[in-house]
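Peer 1: Sharing a structure here in structure tokens format.
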Amino acid sequence: MVTIEKIQEFYANQFEAELVQEIAEVGQLVQFKANDMLIDFQQIIIGMPLLLKGAIKIMREDFDEGELLLYFLERGDTCAMTMACCLGNKKSEIRAIAETDGELIFVPVTKMDAWIAKYASWRSFVFTSYQDRLDEMLRAIDNLAFNDTNNRLKNYLIEVASVNKSRTINKTHQEIAYELNTSRVVISRLLKVLEKENFLELNRNVIVLK
DNA sequence: TCATTAACACGGG
DNA sequence: CCCGTGTTAATGA
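Have a look at this one:
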């Protein structure tokens, strides 16, 4: 059961009391661990997540089995894909994997529709979420189209450090290569250069930004 | 020029 | 020994 306090803590200024009450009644509190798979491709979405704590990475599958990191979700965010799926009864086009440990509230699909009509605050939450995700998607596309791998890697490292709230990144070169949809050789080489530039420090399984 | 794939050596756990 | 890392050589876009 979701406590009203928890919802208020994170969404207090956004939702009217009555809506907070309803979320508390039907919402389901879910704890997740880093690397938990929360949503997979083709999966049918049965609920919508309201992220309280932690970070979730949203991945897109490539035509040839590769993957690509689109963006991270953080506290107060929700997944636009989920909303699109809920409203359109479609399967997921993305994969959501926990980047860190965290906590979210799961709201059943059935309520989503009703609340859009009933609560102005929910309606604007849904719309601004769409807007935010679209903006992030555009940034992801720009990054991909106009940046070389070196800059993509830098941006990626900075973003990862930010969502983990730590300058220490616990990832292997292979994992990074996978998320940026490139090869490990390239990542190893670029990281080595960045180390020489004193941008970071390399250790086994650990990268420390300076 | 820069990425990819394959291959290999090194070394820490 | 296994895995992550660093590097090279060949090939391609």
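In the numbering used here, the protein residues as written are 46 to 255. We put the beta carbon where it would ideally sit given N, CA and C, even for glycine.
#1: Pick from Leu254, Val171 and Ala57: whose alpha carbon is nearest that of Met157?
#2: Decide yes or no for the touch test of the segment 137-151 against the segment 73-92: beta carbon pairs closer than 8 Å, at least 3 of them.
#3: Quick check on the DSSP output: the alpha helix (DSSP H) that includes Arg184 runs from which residue to which?
#4: Can you look up Arg234 in the DSSP assignment and give me helix, strand or coil?
#5: Are the segment 113-120 and the segment 199-212 touching, with three or more C-beta to C-beta distances below 8 Å?
#6: Buried or exposed for Gly147, going by 16 or more other Cβ atoms inside 10 Å?
#7: On the DSSP letters alone, give me the boundaries of the alpha helix (DSSP H) that Lys78 sits inside.
#8: What is the DSSP secondary structure of Glu240, counted as helix, strand or coil?
#9: What is the rounded straight-line gap between the Cα of Ala62 and the Cα of Thr123?
#10: Can you tell which of Arg178, Gln66 and Arg234 has its C-alpha closest to the C-alpha of Thr127?
#11: Short check: CB of Val253 to CB of Thr213, under 8 Å?
#12: What are the boundary residues of the beta strand (DSSP E) that includes Ala143?
#13: Buried or exposed, going by whether 16 or more other CB atoms sit within 10 Å of the CB of Arg140?
#14: Could you work out which residue in Lys241, Ala129 and Leu236 is closest to Arg249 when comparing CA atoms only?
Peer 2: Reading from the atomic positions:
#1: Here residue 157 refers to the residue found at position 112 of the first sequence. Taking only the C-alpha atoms, the option nearest Met157 is Val171.
#2: yes
#3: Stepping through the first sequence from its first residue, residue 184 is reached at position 139. Arg184 -> alpha helix (DSSP H) spans Ala165 to Phe191.
#4: Against the first sequence, residue 234 aligns to sequence position 189. Helix.
#5: yes
#6: Residue 147 sits at position 102 when you count from the first residue of the first sequence. By the neighbour-count rule (16 or more Cβ atoms within 10 Å), Gly147 is buried.
#7: Indexing the first sequence from 1 puts residue 78 at position 33. Neither: Lys78 is in no alpha helix (DSSP H) and is coded neither H nor E.
#8: Reading the first sequence from its first residue, position 195 is the one you call residue 240. If DSSP states are grouped into helix, strand and coil, Glu240 belongs with the helices.
#9: Here the question's residue 62 lines up with position 17 in the first sequence. Here the question's residue 123 lines up with position 78 in the first sequence. Each residue's alpha carbon lies about 20 Å from the other.
#10: Taking the first residue of the first sequence as 1, we reach residue 127 at position 82. Thr127 has its Cα closest to that of Arg178, out of Arg178, Gln66 and Arg234.
#11: For this step, residue 253 is matched to residue 208 along the first sequence. For this step, residue 213 is matched to residue 168 along the first sequence. Yes. Within cutoff.
#12: Numbered from its first residue, the first sequence carries residue 143 at position 98. Per DSSP, Ala143 belongs to the beta strand (DSSP E) from Ile139 to Ala143.
#13: Looking up residue 140 in the first sequence gives position 95. Buried, by the Cβ-count rule.
#14: On the first sequence, position 204 is the one that residue 249 refers to. Nearest C-alpha to Arg249: Leu236.
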